[in-house]
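A short write-up of the structure that comes next.
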Amino acid sequence: SQTIHQWPATLVQPVGSPLSLECTVEGTSNPNLYWYRQAAGRGLQLLFYSVGIGQISSEVPQNLSASRPQDRQFILSSKKLLLSDSGFYLCAWSNGGKFGNEQFFGPGTRLTVL
Amino acid sequence: DQQVKQNSPSLSVQEGRISILNCDYTNSMFDYFLWYKKYPAEGPTFLISISSIKDKNEDGRFTVFLNKSAKHLSLHIVPSQPGDSAVYFCAGRIQGAQKLVFGQGTRLTINP
Numbered sequence: 434s435q436t437i438h439q440w441p442a443t444l445v446q447p448v449g450s451p452l453s454l455e456c457t458v459e460g461t462s463n464p465n466l467y468w469y470r471q472a473a474g475r476g477l478q479l480l481f482y483s484v485g486i487g488q489i490s491s492e493v494p495q496n497l498s499a500s501r502p503q504d505r506q507f508i509l510s511s512k513k514l515l516l517s518d519s520g521f522y523l524c525a526w527s528n529g530g531k532f533g534n535e536q537f538f539g540p541g542t543r544l545t546v547l
Numbered sequence: 006d007q008q009v010k011q012n013s014p015s016l017s018v019q020e021g022r023i024s025i026l027n028c029d030y031t032n033s034m035f036d037y038f039l040w041y042k043k044y045p046a047e048g049p050t051f052l053i054s055i056s057s058i059k060d061k062n063e064d065g066r067f068t069v070f071l072n073k074s075a076k077h078l079s080l081h082i083v084p085s086q087p088g089d090s091a092v093y094f095c096a097g098r099i100q101g102a103q104k105l106v107f108g109q110g111t112r113l114t115i116n117p
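Residue numbers (this note's numbering), protein chains in the order written: chain A, 434 to 547; chain B, 6 to 117.
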């Protein structure tokens, strides 16, 4: 069966510090991978998605970047965090699916920028 | 531009009654709609979906209805149970795309 891992689970970082969040998927190959952010009281905003190694699509201009160094690894980074980067970050995977590209989400990372 | 809208931020329902969660969309290019359920501090879990060529899909206590002319879909949960208390997101998939567009979510509270 497939599983998706995210770490760390929680993170408190000062403004201006770098960021690296990691997501890995097991039990499937060549998945589509996604990074979302849920800000307090807001919906799910798609930040990046990737359909293959080294292929990254950015959905919104921002202070963040993403990379996919391996087939089942997706990394979200920032060189200098802003207060507005605080939120709940979710990684998801999909393999086309039989229910309309249903995506399966990881447990999330709670990021607080102080 | 909010392509998928959930206009009710919250909904409170008595246990055992029917919960109806609503979602409106503006993009006619959506070919699938999906509903997700999310507990606090956890990732969303997939519940049920419907193809744009259908008007109803049922799975146990969950039924999704699609009204294409009104660009409206709804999720019915009956009977509602305390464990259904969560935030529910609807999402649309643009035909041919590899991504979903989510609504803002509706917080459902089931009262005993």
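Even for Gly, the Cβ is constructed at its ideal location relative to N, Cα and C. Just so you know, these numbers come straight off a predicted model, no measurement behind them.
Contacts that residue i makes with chain B (C-beta to C-beta distance below 7 Å)
{"i": "Glu535/A", "result": "Leu39, Phe51, Ser54"}
{"i": "Phe507/A", "result": "The premise fails here: Phe507/A is roughly 14 Å from chain B at the closest Cβ pair, so nothing lies under 7 Å."}
{"i": "Ser520/A", "result": "Note on residue identity: the sequence assigns Gly, not Ser, to residue 520/A. The premise fails here: Gly520/A is roughly 13 Å from chain B at the closest Cβ pair, so nothing lies under 7 Å."}
{"i": "Pro540/A", "result": "Glu47, Gly48"}
Sequence-distant residues of its chain with Cβ nearer than 6 Å to residue i (five each side left out)
{"i": "Phe521/A", "result": "Gln471, Gly541, Arg543"}
{"i": "Tyr467/A", "result": "Tyr482, Ala525"}
{"i": "His438/A", "result": "Thr457"}
{"i": "Ser490/A", "result": "Tyr482"}
{"i": "Met34/B", "result": "Ile99, Gln100"}
{"i": "Pro117/B", "result": "Glu20"}
{"i": "Gln536/A", "result": "Ala525, Ser527"}
{"i": "Leu479/A", "result": "Tyr469, Glu492"}
Those residues which DSSP pairs with residue i across a bridge
{"i": "Arg98/B", "result": "Tyr37/B, Leu105/B"}
{"i": "Leu26/B", "result": "Leu80/B"}
{"i": "Gln478/A", "result": "Arg470/A"}
{"i": "Glu455/A", "result": "Trp440/A, Ile508/A"}
{"i": "Arg543/A", "result": "Thr443/A, Phe521/A"}
{"i": "Ala499/A", "result": "Leu509/A"}
{"i": "Ile53/B", "result": "Trp40/B"}
Close-in-space but distant-in-sequence residues of the same chain around residue i (CB under 7 Å, 5 per side omitted)
{"i": "Phe51/B", "result": "Leu39, Tyr41"}
{"i": "Gly101/B", "result": "none"}
{"i": "Ser462/A", "result": "Asp504"}
{"i": "Val9/B", "result": "Cys28, Tyr30, Cys95, Ala96, Gly97, Val106, Phe107, Gly108"}
{"i": "Val484/A", "result": "Asn465"}
Pick from the options that is closest to residue i, judged by C-alpha positions
{"i": "Asp89/B", "options": "Lys59/B, Gln19/B, Cys28/B, Lys61/B", "result": "Gln19/B"}
{"i": "Tyr37/B", "options": "Pro45/B, Lys73/B, Pro87/B, Gln86/B", "result": "Lys73/B"}
{"i": "Ala96/B", "options": "Pro87/B, Ser85/B, Gly108/B", "result": "Gly108/B"}
{"i": "Glu455/A", "options": "Lys513/A, Leu515/A, Gln506/A", "result": "Gln506/A"}
{"i": "Ile23/B", "options": "Leu105/B, Ser85/B, Thr114/B", "result": "Ser85/B"}
{"i": "Gly48/B", "options": "Ile25/B, Val92/B, Ile99/B", "result": "Val92/B"}
{"i": "Pro447/A", "options": "Leu516/A, Asn534/A, Glu459/A", "result": "Leu516/A"}
{"i": "Phe67/B", "options": "Lys59/B, Asn12/B, Leu26/B", "result": "Leu26/B"}
{"i": "Trp440/A", "options": "Leu509/A, Ala473/A, Ser527/A, Asn528/A", "result": "Leu509/A"}
{"i": "Thr452/A", "options": "Tyr469/A, Ser500/A, Gly487/A, Ser511/A", "result": "The sequence given here has Leu at residue 452/A, not Thr. The candidate whose alpha carbon is nearest that of Leu452/A is Ser511/A."}
{"i": "Pro14/B", "options": "Gln435/A, Ala473/A, Leu523/A", "result": "Ala473/A"}
{"i": "Lys59/B", "options": "Leu16/B, Leu113/B, Lys76/B, Arg112/B", "result": "Lys76/B"}
{"i": "Leu514/A", "options": "Asn528/A, Leu523/A, Ser498/A, Ser434/A", "result": "Ser498/A"}
{"i": "Leu523/A", "options": "His81/B, Phe70/B, Leu80/B, Pro45/B", "result": "Pro45/B"}
{"i": "Leu547/A", "options": "Ser434/A, Ser450/A, Leu480/A, Thr436/A", "result": "Ser450/A"}
8 Å Cβ cut-off: residues of chain B touching residue i
{"i": "Ile523/A", "result": "In the sequence under discussion, the amino acid at residue 523/A is Leu, which differs from the Ile named in the question. Result: Gly48, Pro49."}
{"i": "Arg543/A", "result": "Ala46"}
{"i": "Gly460/A", "result": "Ordered by position in chain B, no residue passes the 8 Å Cβ test against Gly460/A, which lies about 16 Å from the chain."}
Under 7 Å from the C-beta of residue i: neighbouring residues of chain A
{"i": "Gly110/B", "result": "Gly476"}
9 Å Cβ cut-off: residues of chain A touching residue i
{"i": "Arg22/B", "result": "Those do not exist, as Arg22/B stays about 26 Å from chain A at its closest Cβ, beyond 9 Å."}
{"i": "Phe107/B", "result": "Tyr469, Gly476, Leu477, Gln478, Leu479"}
Contacting residues, own chain, Cβ-Cβ under 8 Å from residue i (five flanking each side not counted)
{"i": "Ala442/A", "result": "Pro540, Gly541, Thr542, Arg543"}
{"i": "Gln488/A", "result": "Arg501"}
Taking any Cβ of chain B, which residues in the segment 464–478 of chain A have a Cβ under 9 Å from it, in chain order? Taking 9 Å as the cut-off between beta carbons, the residues of the segment 464–478 of chain A near chain B are Asn465, Tyr467, Tyr469, Gln471, Gly474, Arg475, Gly476, Leu477, Gln478, in sequence order.
Listed from N- to C-terminal order along the chain, which residues in the segment 480–491 of chain A have their beta-carbon within a distance smaller than 9 Å of any beta-carbon of chain B? Those residues of the segment 480–491 of chain A that come within reach of chain B (Cβ to Cβ, closer than 9 Å) are Tyr482, Val484, Ser490.
Pull out every residue of the segment 72–104 of chain B whose Cβ sits closer than 7 Å to any Cβ of chain A, in chain order. Phe94, Arg98, Gln103, Lys104
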